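Written out below as structure tokens is the structure these notes cover.
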Amino acid sequence: SWVEIQMLDEERKLNINTASATQLDLLIHSPVLAQAIVEYRDPDSDGPADSSIETPPYYYPKNAPIAALEELRALPDMTDDVFSKLQEFTYGIPGAEQPLMANINTASREVLQAVGLMTLAERIVAFREEGHYFTKLHPTVESDVPFEPSADLEFQTVLNANSLTVASQVFLVKATGHVAA
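Under the numbering used here, think of the first position of the sequence shown as 60, with each following residue one higher.
Written out as structure tokens, the structure is:
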């Protein structure tokens, strides 16, 4: 018999409930489906009449935050490939919309680009792979990070949008058990 317990940092991903259609498109490479996801959770959506999906089967929106990514399987044009990308790059929190914040210390290159760090993502990932990490988003010593935060417009724009954090608060705990017969 055995039990395996995993604790996964969900803030290495984007919150599906606050991500924009543009951000989702950068991750799943489907502008129509990215817009349909935003419309699905939008409290003001009227359903198929508002949909960017033009072919049946039509769907009705939830008009509330997405609690589980599996809800999105019902969207027309949702493929296994796109759903896998959603699982890799996004998360949902049942019953609450959290601010869109990605952990700069654990987010993938794709997620960093989706929050707006298009040109800095590679340098940030390389910095982390060398064993470094960010202890704060406003470093006092410029040499602590692989770019000049106070002078980099892209970084400042992302900071002003409150899109980054240095410590995660949202985790997924997965437990798997096996009992021998």
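Ideal Cβ placement from N, Cα and C applies to all residues, glycine included. Predicted model only: the values in this text are computed from it and were never measured.
>> If we require 4 or more residues per run, which alpha helix (DSSP H) segments fall completely within the stretch 65 to 104?
In response: Along the length of the stretch 65 to 104, whole alpha helix (DSSP H) runs at least 4 residues long occupy 80 to 87, 90 to 100, reported in chain order.
> The alpha helix (DSSP H) spanning residue 231 covers which residue range?
Replying inline: First-last for residue 231: 230 to 237, but that is the beta strand (DSSP E), not the alpha helix (DSSP H).
>> Can you list, in chain order, the residues of its chain with a C-beta nearer than 6 angstroms to that of residue 236? Leave out the 5 residues immediately preceding and following it.
In response: Excluding residues within five positions, the ones whose Cβ falls inside 6 angstroms are 62.
> What did DSSP end up calling residue 176 once you bin it into helix, strand or coil?
Replying inline: Look at residue 176 here: in three-state DSSP terms it is coil, with no helix or strand label.
> Looking only at DSSP bridge pairs, what is residue 128 linked to?
Replying inline: Paired residue(s): none; residue 128 is not in a bridge.
>> Under DSSP, the alpha helix (DSSP H) around residue 218 begins and ends at which residues?
In response: Boundaries of the alpha helix (DSSP H) around residue 218: 212 to 219.
> Do the stretch 66 to 82 and the stretch 159 to 177 touch if we need at least three Cβ pairs shorter than 8 angstroms?
Replying inline: Enough Cβ pairs lie closer than 8 angstroms, so yes.
> Looking at C-alpha atoms only, which residue of 132, 175, 126, 173 is the closest neighbour of residue 152?
Replying inline: Check the Cα spacing between residue 152 and each of 132, 175, 126, 173: the tightest is with 126.
> Span of the alpha helix (DSSP H) holding residue 140?
Replying inline: Where residue 140 is concerned, the enclosing alpha helix (DSSP H) stretches over 139 to 148.
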